[in-house]
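Below is one structure, written out as structure tokens; comments come after it.
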Amino acid sequence: MSQATAILGLLTETSLHAGIGQMVSVIDLPIQREAHTGWPCVYGSAVKGAMRTLAEDKGNGWVDEIFGPEMTNASEYACALAVGDARLLLLPVRSLTSHFKWVTCPALLRRLQADCSRLQFADTFPAIPLPPNKDTALVATEHDTDLGLFLEEFRFTPAPNQQLDEMIKTIAPLMGMENEAEAALQKQLTVVTDDIFSHLARYATPVNAHIAIDNDTKIVKQGALWYEETLPPDSLLYVALVAYPVRKVGANKDAKQALGHIQELFNKNHPYLQLGGNETVGMGWCKVTFKEARLKQGAAQTPSLATQSDTSSGETSTGKKKSKLKKKVAANDATPESPEFNRWGTPTDYYGQRWARL
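For what it's worth, our numbering labels the leading residue of the sequence shown as 780, then goes sequentially.
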């Protein structure tokens, strides 16, 4: 087999800070973001480094075979694993009508669809639900719409959508514990327009103030105040993995065996990965779900995410749930304005606007 592919689902259980290594305007330590969308992410190099560290900590002898040699011998052979960026799929956002909502948008779902196709998962991806306008947020058919829907300070008209029910069955396997995840997504998942999501992704992430105390005086050190941005707990990201035959001389391992080593890292006993900085204060812990694309015997297609084995929980999704559409809520009296973003605007403009909201 020339290559083997898989997707890692990363559900953050603590705040995650994958920084960019420099100050931008009033936020001293911002998180990594995609340049063209501004959406939070974790660069593939950071994910790969965290995976290599985990493999080394567990004393695995195949580290150099899979992740490549150390820098001093980097010219000998290439690694056997391609690790993509950790891409955001669900962003937890504060809500007045529940403790929080998982928010996504059609652009993120289309990206997941494209990644699944590229990694040879099933081509029968569910239809992508599309909100009709910026004032409407799509919810599952079992979602309670009596109280309306609030995200941050904005109010939306919740619209039950059957396509979202099918999408939940695709997303839940990436979270592990599929039965519990499906039930939670039915109550908490919402789809908004791409522009509204971009606004939330820029301005709804936590920014925390930090200080340093002088040991002698027990007061704040001079100038020891900084602001740090994080990705909140319960964020869902995913990583595309592509494994190749091991290139190290004498290794004799195909792509399937190489990918199997990665699966071993996240067994059922401890399927966790620490990403980003501030590990010593508990940040960056993610629950990992490993989903491998397996070709069916005598067929060119591959099964969907929902039919793959789950290394973190060992559970599979149950049969389809049937539910009736609930009554739509009347039009709301307040709606969020779709923000205008200048593609060529300076970072100072972005963080300056955000600072005004703190």
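Every residue gets a Cβ at the ideal spot worked out from N, C-alpha and C, and that includes glycine.
Remember, predicted model here, so these are calculated numbers, not experimental data.
Going by C-alpha positions, Met830 is about 39 Å away from Leu928. The beta carbons of Lys1066 and Gln967 sit no closer together than 9 Å. When the five nearest sequence neighbours on each side are left out, the beta carbons in the same chain lying within less than 6 Å of the beta carbon of Glu855 are those of Pro848, in order along the chain. Per DSSP, Asn912 lies in no beta strand (DSSP E) and is assigned neither H nor E. The shortest C-alpha to C-alpha distance from Phe846 to any of Val970, Leu888, Leu1038 is the one to Leu1038. The Cβ atoms of Val862 and Val872 do not sit closer than 9 Å to each other.
Between Ile799 and Asp925, the alpha-carbon positions lie close to 42 Å from each other. Excluding five sequence positions before and after Cys820, the CB atoms of its chain that fall closer than 7 Å to its own CB belong to Gln811, Arg812, Glu813, Asp864, Ala865, Arg866, Leu867, given in chain order. Per DSSP, the beta bridge partners of Gly798 are Ile810.
Under the DSSP assignment, Ala1022 falls in the beta strand (DSSP E) whose first and last residues are 1015-1022.
Annotation for Val1025: Glu844, Ala859, Lys1032, Ala1037 place their beta carbon closer than 6 Å to its own, counting only its chain and skipping 5 residues before and after. Contact check between the segment 959-974 and the segment 909-917: three or more CB pairs, one atom from each, fall below 8 Å, which counts as touching. Cβ-Cβ distances below 6 Å link Gly1055 to Leu795, His796, Ala797, Gly1063 in the same chain, with the five nearest sequence neighbours on each side left out; the list follows chain order. Counting along the chain, no alpha helix (DSSP H) covers Arg866; the unbroken beta strand (DSSP E) around it starts and ends at 865-874. Under the three-state reduction of DSSP output, Arg889 falls in the helix class.
Residue state for Arg1026 is assigned as coil, using DSSP reduced to three classes. With contact defined as three or more Cβ pairs closer than 8 Å, the segment 996-1012 and the segment 981-988 are in contact.
The Cβ atoms of Tyr1017 and Asp836 do not sit closer than 9 Å to each other.
As a beta-bridge residue in DSSP terms, Leu789 pairs with Leu1016, Val1067. Proximity to Asn1046 across Asn994, Lys1070, Val1028 peaks at Lys1070, based on C-alpha coordinates.
If you compare the alpha carbons of Pro910, Trp1005, Ala1022, Asn1048 with that of Ser804, the shortest gap goes to Trp1005.
By the 16-neighbour rule on beta-carbons within 10 angstroms, Arg889 is exposed. With a 10 Å radius around the Cβ and a threshold of 16 neighbouring Cβ atoms, Lys1000 comes out exposed. At least 9 Å separates the beta-carbon of Leu869 from that of Ile786. Nearest C-alpha to Ile907 among Thr920, Pro937, Ala919, Met946: Met946.
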